[in-house]
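Peer 1: Residue numbers (our numbering): 79 to 244.
Where a beta carbon is used, it is the ideal one built from N, C-alpha and C, also for glycine.
1) For residue 149 and residue 195, what's the separation of their Cα atoms in angstroms?
2) Could you tell me the distance, in whole angstroms, from the CA atom of residue 111 to the CA atom of residue 135?
3) Hey, which unbroken runs of the alpha helix (DSSP H) at 4 residues or more fall wholly within the stretch 174-205?
4) Buried or exposed: where does residue 197 fall if 16 or more other Cβ atoms within 10 Å of its Cβ makes it buried?
5) Could you work out which residue in 97, 144, 81, 217 is closest to residue 162 when comparing CA atoms only?
6) If we require 3 or more residues per run, which beta strand (DSSP E) segments fall completely within the stretch 99-171?
7) So which of 96, 90, 102, 97 has the shortest CA-CA distance to residue 122?
8) Could you check what DSSP says for residue 80 in three-state terms: helix, strand or coil?
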């Protein structure tokens, strides 16, 4: 069993594996080790979005608040996207040094696609946190083999296939 708790001034649920829970708790709940939220990678990922299900004013289970999870996942996608854009910024500098206009146009198109990406993903239709966790755009995360796969509209674009070692 894992003890979860929520302090009176905090909106998220914390896990306590060892030690004593802090004073001033609003709720506590012992959760079995095989509960999906504590035994899966997607459940742990959405821990800041956990909420208690209350029965007669006492916590009886934990679940992922999907409204909070959608905002949390959009912010996560934006952070990952910003790192990828940063990598393309380095390529922009290299292309400018080479005066490679084809590559510059291509990078500009990819960066615009990346800027539009979080808003273009329909998280409102996702029903579960597990489904949401599986939304992994290949341009950000690569495919299962680790290869980055460009969206259809970015393939075969002038400048995409240039090989300068970057």
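Peer 2: With the given structure in hand:
1) So the two alpha carbons sit approximately 14 Å from each other.
2) If you take the alpha carbons of residue 111 and residue 135, they lie about 24 Å apart.
3) For the stretch 174-205, whole alpha helix (DSSP H) runs of length 4 or above, ordered along the chain, are 179-198.
4) With fewer than 16 Cβ atoms within 10 Å of its Cβ, residue 197 is classed as exposed.
5) Cα-wise, what sits closest to residue 162 is 217.
6) Residue ranges of uninterrupted beta strand (DSSP E) with 3 or more members, entirely inside the stretch 99-171 and ordered along the chain, are 103-109, 128-133, 136-142.
7) Considering only 96, 90, 102, 97, the residue with the shortest C-alpha distance to residue 122 is 90.
8) Residue 80: strand per DSSP, three-state reduction.
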